[in-house]
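For our numbering, add 55 to where a residue sits in the sequence shown, where the first one is 1. Glycine included, each C-beta is placed from N, C-alpha and C at the ideal position. No experiment lies behind these values; they were computed from the predicted model shown. Here the structure is laid out as structure tokens; the discussion comes afterwards.
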Amino acid sequence: MSGPEIYTPQALLVSDSAVAKVKSLIDEEGNNDLKLRVYVTGGGCSGFQYGFTFDEVVAEDDSIVERDGIKVLVDALSYPYLAGAKVDYEEGLQGSKFVIQNPNASSTCGCGSSFSI
């Protein structure tokens, strides 16, 4: 007997290069309590934009994604926009940065830091 299907949103994915960069930044700071916080804010040329910061504090409504010893935090308001997305770290001619590859975004801007749903 099968009951109703329960929808579980897909967690945020974290690439190997993002894990490696977070580890190296934590080592540089010498603070093992640091976690990468990924969030979504209004603004940007496409409506929403991504933000990244390091945080020691886990809020009550944060989702925590753990991978290879690092933790990524996503607040409850940002989570629906980021479910199933991938945090990556890219090094290129324009510099090095964390980026989000988001299957939920219907359009993105040229700089890759803002999107619309």
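About 5 angstroms separates the CB atoms of Leu89 and Phe109; that is less than 8 angstroms, so the two are in contact.
If you look at Asp130, you'll find it isn't in any alpha helix (DSSP H); DSSP assigns it neither H nor E. Here DSSP, grouped into helix, strand and coil, assigns Val112 to coil. The count of Cβ pairs closer than 8 angstroms, one atom from the stretch 123-132 and one from the stretch 145-153, stays below three, leaving the stretches out of contact. With respect to Leu67, Val113 sits apart: the two C-beta atoms are not nearer than 8 angstroms. Distance from Phe153 to Phe107 at the Cβ level is roughly 5 angstroms; contact confirmed, criterion being Cβ atoms closer than 8 angstroms.
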